[in-house]
(Lines of atoms letter the chains of each structure in order from A and count residues from 1; the text may use other names and numbers.)
(Lines give C-alpha, C1' and ligand atoms only; values in the text may rest on other atoms or scores of the structure.)
Protein backbone atom coordinates (compact mmCIF):
# COMPACT_ATOMS: atom_id res chain seq x y z
CA UNK A 1 0.00 0.00 0.00
CA UNK A 2 1.27 3.46 -0.91
CA UNK A 3 0.53 6.06 1.79
CA UNK A 4 -0.40 9.64 0.97
CA UNK A 5 0.16 11.79 4.04
CA UNK A 6 -2.44 14.54 4.38
CA UNK A 7 -4.77 16.04 6.95
CA UNK A 8 -7.24 14.04 9.05
CA UNK A 9 -10.10 12.03 7.51
CA UNK A 10 -12.87 9.96 9.08
CA UNK A 11 -13.66 7.09 6.73
CA UNK A 12 -10.43 6.48 4.84
CA UNK A 13 -7.04 5.43 6.13
CA UNK A 14 -6.36 5.91 9.82
CA UNK A 15 -5.66 8.62 12.34
CA UNK A 16 -2.02 9.50 12.84
CA UNK A 17 -0.70 8.90 16.36
CA UNK A 18 2.46 11.00 16.93
CA UNK A 19 5.30 9.34 18.78
CA UNK A 20 6.80 12.59 20.12
CA UNK A 21 9.80 12.39 17.83
CA UNK A 22 12.18 15.31 17.21
CA UNK A 23 11.35 17.74 14.46
CA UNK A 24 11.81 16.24 11.01
CA UNK A 25 12.10 12.68 9.76
CA UNK A 26 13.54 10.05 12.12
CA UNK A 27 13.44 6.22 12.22
CA UNK A 28 11.00 4.79 14.73
CA UNK A 29 11.99 2.43 17.51
CA UNK A 30 13.03 -1.20 17.00
CA UNK A 31 14.47 -0.34 13.57
CA UNK A 32 11.15 -0.95 11.85
CA UNK A 33 12.12 1.50 9.11
CA UNK A 34 15.23 -0.40 8.16
CA UNK A 35 13.34 -3.68 8.26
CA UNK A 36 10.59 -2.35 6.00
CA UNK A 37 13.02 -0.89 3.49
CA UNK A 38 14.82 -4.22 3.44
CA UNK A 39 11.56 -6.04 2.78
CA UNK A 40 11.41 -7.67 6.22
CA UNK A 41 8.08 -7.80 7.99
CA UNK A 42 4.74 -6.37 6.94
CA UNK A 43 4.93 -2.84 8.33
CA UNK A 44 4.00 -0.10 5.88
CA UNK A 45 6.32 2.85 5.42
CA UNK A 46 3.89 5.04 7.35
CA UNK A 47 4.41 2.88 10.43
CA UNK A 48 8.15 2.70 9.87
CA UNK A 49 8.84 6.41 10.01
CA UNK A 50 7.76 9.15 12.37
CA UNK A 51 6.72 12.45 10.77
CA UNK A 52 6.12 15.47 12.94
CA UNK A 53 3.03 17.51 12.14
CA UNK A 54 1.15 14.80 10.21
CA UNK A 55 -2.46 14.48 11.36
CA UNK A 56 -3.63 11.61 9.19
CA UNK A 57 -2.71 9.29 6.33
CA UNK A 58 -4.87 8.64 3.29
CA UNK A 59 -4.15 5.17 1.97
CA UNK A 60 -4.54 4.23 -1.68
CA UNK A 61 -3.84 0.85 -3.25
CA UNK A 62 -1.41 2.14 -5.89
CA UNK A 63 1.25 4.77 -6.39
CA UNK A 64 -0.17 8.30 -6.24
CA UNK A 65 0.90 10.10 -9.41
CA UNK A 66 -0.70 13.48 -8.85
CA UNK A 67 -2.28 15.54 -6.06
CA UNK A 68 -3.89 18.97 -6.36
CA UNK A 69 -5.64 21.34 -3.98
CA UNK A 70 -8.66 23.23 -5.27
CA UNK A 71 -7.98 26.83 -6.29
CA UNK A 72 -7.83 29.14 -3.25
CA UNK A 73 -9.51 26.43 -1.20
CA UNK A 74 -7.37 24.38 1.21
CA UNK A 75 -10.40 22.27 2.19
CA UNK A 76 -10.66 20.34 -1.09
CA UNK A 77 -8.03 18.01 -2.50
CA UNK A 78 -7.90 15.42 -5.27
CA UNK A 79 -5.46 12.55 -5.67
CA UNK A 80 -4.96 10.35 -8.75
CA UNK A 81 -3.14 7.03 -8.81
CA UNK A 82 -1.57 4.36 -10.99
CA UNK A 83 -4.71 2.20 -11.01
CA UNK A 84 -6.79 4.94 -12.61
CA UNK A 85 -8.53 5.91 -9.35
CA UNK A 86 -9.46 9.54 -8.66
CA UNK A 87 -10.21 10.45 -5.04
CA UNK A 88 -11.74 13.75 -3.95
CA UNK A 89 -11.21 14.63 -0.29
CA UNK A 90 -12.62 17.20 2.09
CA UNK A 91 -9.82 18.16 4.45
CA UNK A 92 -11.67 19.75 7.38
CA UNK A 93 -13.88 18.23 8.61
CA UNK A 94 -12.10 15.18 7.19
CA UNK A 95 -14.11 13.17 4.71
CA UNK A 96 -13.77 11.16 1.51
CA UNK A 97 -16.20 12.81 -0.89
CA UNK A 98 -15.70 10.56 -3.91
CA UNK A 99 -13.60 7.58 -4.93
CA UNK A 100 -13.94 7.13 -8.68
CA UNK A 101 -12.70 4.40 -11.03
CA UNK A 102 -11.83 7.12 -13.51
CA UNK A 103 -9.64 5.47 -16.14
CA UNK A 104 -8.55 2.12 -17.53
CA UNK A 105 -4.91 3.08 -17.11
CA UNK A 106 -2.69 5.14 -14.79
CA UNK A 107 -3.69 8.76 -14.24
CA UNK A 108 -0.71 11.07 -14.67
CA UNK A 109 -2.35 14.50 -14.36
CA UNK A 110 -5.28 16.13 -12.56
CA UNK A 111 -6.38 19.76 -12.38
CA UNK A 112 -9.26 21.79 -10.94
CA UNK A 113 -11.18 24.42 -12.88
CA UNK A 114 -10.98 27.99 -11.62
CA UNK A 115 -14.40 27.70 -9.97
CA UNK A 116 -13.51 24.27 -8.49
CA UNK A 117 -16.67 22.66 -9.88
CA UNK A 118 -14.82 20.59 -12.49
CA UNK A 119 -11.75 18.34 -12.40
CA UNK A 120 -9.92 17.08 -15.48
CA UNK A 121 -7.78 13.94 -15.47
CA UNK A 122 -5.27 12.70 -18.05
CA UNK A 123 -4.37 9.04 -18.44
CA UNK A 124 -2.08 6.66 -20.26
CA UNK A 125 -5.24 4.94 -21.54
CA UNK A 126 -5.38 7.74 -24.11
CA UNK A 127 -8.25 9.77 -22.68
CA UNK A 128 -8.89 13.06 -20.94
CA UNK A 129 -11.93 12.97 -18.64
CA UNK A 130 -13.96 15.89 -17.31
CA UNK A 131 -15.56 15.31 -13.88
CA UNK A 132 -18.25 17.03 -11.86
CA UNK A 133 -16.32 17.65 -8.63
CA UNK A 134 -19.49 17.93 -6.52
CA UNK A 135 -21.25 14.79 -7.72
CA UNK A 136 -18.21 12.76 -8.73
CA UNK A 137 -19.83 12.03 -12.10
CA UNK A 138 -18.30 11.93 -15.57
CA UNK A 139 -19.24 14.92 -17.72
CA UNK A 140 -17.19 14.11 -20.80
CA UNK A 141 -14.41 11.86 -22.07
CA UNK A 142 -12.10 12.91 -24.89
CA UNK A 143 -9.94 10.32 -26.63
CA UNK A 144 -7.28 10.82 -29.27
CA UNK A 145 -6.19 7.98 -31.52
CA UNK A 146 -2.45 7.61 -31.97
CA UNK A 147 -0.88 7.75 -35.41
CA UNK A 148 2.70 7.75 -34.15
CA UNK A 149 5.05 4.91 -33.28
CA UNK A 150 6.61 6.44 -30.18
CA UNK A 151 3.88 5.50 -27.71
CA UNK A 152 5.76 2.60 -26.11
CA UNK A 153 8.72 4.90 -25.49
CA UNK A 154 6.43 7.20 -23.50
CA UNK A 155 5.16 4.34 -21.36
CA UNK A 156 8.70 3.06 -20.78
CA UNK A 157 9.83 6.54 -19.74
CA UNK A 158 6.97 6.67 -17.22
CA UNK A 159 8.10 3.35 -15.72
CA UNK A 160 5.32 1.10 -17.04
CA UNK A 161 6.02 -2.61 -17.51
CA UNK A 162 6.19 -4.14 -21.03
CA UNK A 163 3.04 -6.16 -20.32
CA UNK A 164 1.17 -3.00 -19.34
CA UNK A 165 2.35 -1.13 -22.41
CA UNK A 166 0.47 -3.45 -24.75
CA UNK A 167 -2.84 -2.58 -23.07
CA UNK A 168 -2.85 0.94 -24.52
CA UNK A 169 -3.52 1.67 -28.17
CA UNK A 170 -4.40 5.36 -28.03
CA UNK A 171 -2.08 8.30 -27.77
CA UNK A 172 -1.40 8.85 -24.04
CA UNK A 173 -2.72 12.16 -22.72
CA UNK A 174 0.00 13.36 -20.36
CA UNK A 175 -1.06 16.85 -19.25
CA UNK A 176 -3.74 19.52 -19.57
CA UNK A 177 -4.53 23.04 -18.37
CA UNK A 178 -7.61 25.24 -18.19
CA UNK A 179 -7.45 28.58 -19.99
CA UNK A 180 -7.58 31.10 -17.09
CA UNK A 181 -9.75 33.65 -18.91
CA UNK A 182 -12.21 31.03 -20.19
CA UNK A 183 -12.55 27.77 -18.28
CA UNK A 184 -14.70 26.36 -21.09
CA UNK A 185 -11.43 26.00 -22.98
CA UNK A 186 -8.59 23.69 -22.04
CA UNK A 187 -5.34 22.65 -23.65
CA UNK A 188 -4.15 19.05 -23.63
CA UNK A 189 -0.71 17.62 -24.37
CA UNK A 190 -0.09 14.13 -25.70
CA UNK A 191 2.62 11.51 -25.86
CA UNK A 192 3.19 12.16 -29.54
CA UNK A 193 3.77 15.87 -28.93
CA UNK A 194 0.40 17.27 -29.96
CA UNK A 195 -0.79 20.34 -28.06
CA UNK A 196 -4.50 20.89 -28.75
CA UNK A 197 -7.21 23.30 -27.61
CA UNK A 198 -10.48 21.60 -26.62
CA UNK A 199 -13.94 22.94 -25.77
CA UNK A 200 -15.07 21.53 -22.41
CA UNK A 201 -18.78 21.89 -23.22
CA UNK A 202 -18.62 20.04 -26.55
CA UNK A 203 -15.52 17.90 -26.21
CA UNK A 204 -14.51 18.99 -29.71
CA UNK A 205 -11.11 20.24 -30.78
CA UNK A 206 -11.09 23.96 -31.54
CA UNK A 207 -10.43 24.67 -35.19
CA UNK A 208 -6.90 25.93 -35.69
CA UNK A 209 -6.00 25.16 -32.08
CA UNK A 210 -3.46 22.43 -32.68
CA UNK A 211 0.33 22.50 -32.62
CA UNK A 212 2.93 19.75 -33.04
CA UNK A 213 6.00 20.06 -30.82
CA UNK A 214 9.25 20.07 -32.74
CA UNK A 215 11.89 17.37 -32.81
CA UNK A 216 9.61 14.52 -31.77
CA UNK A 217 9.23 16.00 -28.28
CA UNK A 218 6.47 14.77 -25.97
CA UNK A 219 4.39 17.15 -23.83
CA UNK A 220 4.84 16.16 -20.19
CA UNK A 221 3.59 19.30 -18.40
CA UNK A 222 2.07 22.70 -19.13
CA UNK A 223 0.97 25.91 -17.43
CA UNK A 224 -0.72 29.13 -18.49
CA UNK A 225 0.40 32.59 -17.48
CA UNK A 226 -2.02 34.35 -15.11
CA UNK A 227 -3.59 36.39 -17.91
CA UNK A 228 -3.91 33.31 -20.11
CA UNK A 229 -2.07 34.73 -23.12
CA UNK A 230 1.02 32.53 -22.79
CA UNK A 231 1.22 28.75 -22.49
CA UNK A 232 4.41 27.07 -21.34
CA UNK A 233 4.92 23.41 -22.24
CA UNK A 234 7.54 21.17 -20.65
CA UNK A 235 8.70 18.28 -22.82
CA UNK A 236 11.39 15.60 -22.83
CA UNK A 237 13.67 17.67 -25.06
CA UNK A 238 13.64 21.31 -23.96
CA UNK A 239 11.07 23.72 -22.52
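Numbering (my numbering), first residue to last: -10 to 228. Every residue, glycine too, gets a C-beta built ideally from N, C-alpha and C. Being a predicted model, the structure only gives us computed values, none of them experimental.
Using 8 Å as the Cβ pair cut-off and three pairs as the minimum, do the region 65 to 74 and the region 108 to 126 touch?
-> yes
Local Cβ density within 10 Å of residue 131, reported as buried at 16 or more and exposed below that | The residue in question, residue 131, is buried, as its Cβ has 16 or more Cβ neighbours within 10 Å.
For residue 23, is the classification buried or exposed, using 16 other Cβ atoms within 10 angstroms of its Cβ as the cut-off for buried?
-> Any reading at residue 23 must be qualified, since the residue scores a pLDDT of 48, below 50, and its modelled position is unreliable; no value is offered.
Among 189, 50, 178, 177, which residue has its Cα nearest to the Cα of residue 171?
-> 189
Chain-order list of residues whose beta-carbon lies under 8 Å from that of residue 103 (same chain, five-residue window excluded) = 60, 167, 169, 172
Return yes when the Cβ of residue 129 is within less than 8 Å of the Cβ of residue 180, no when it is not.
-> No; because the gap between Cβ atoms is not below 8 Å, this pair is not in contact.
Can you check whether the CB of residue 71 is closer than 8 Å to the CB of residue 117?
-> no
When DSSP labels each residue in this structure, what does residue 73 get in the three-state scheme?
-> coil
Under the rule that 16 or more other beta-carbon atoms within 10 Å means buried, what is residue 203, buried or exposed?
-> exposed
Put residue 180 into one of helix, strand or coil per three-state DSSP.
-> coil
Sequence-distant residues of the same chain with beta carbon closer than 8 Å to residue 200, five excluded per side | 183, 184, 185
Would you tell me roughly how many angstroms separate the C-alpha atoms of residue 124 and residue 87, rounded to the nearest one?
-> 8 Å
CB-CB under 7 Å to residue 151, same chain, minus the five flanking residues each way: which ones, in chain order?
-> Here the model assigns residue 151 a pLDDT of 47, short of 50, so the residue's position is not dependable and the matter cannot be decided.
Proximity of residue 95 and residue 115 at Cβ, strictly below 8 Å | no
Does DSSP put residue 204 in a helix, in a strand, or in coil?
-> helix
Please classify residue 50: is it buried, with 16 or more other beta-carbons within 10 angstroms of its beta-carbon, or exposed?
-> exposed
Smallest Cα separation from residue 105: which of 79, 90, 92?
-> 79
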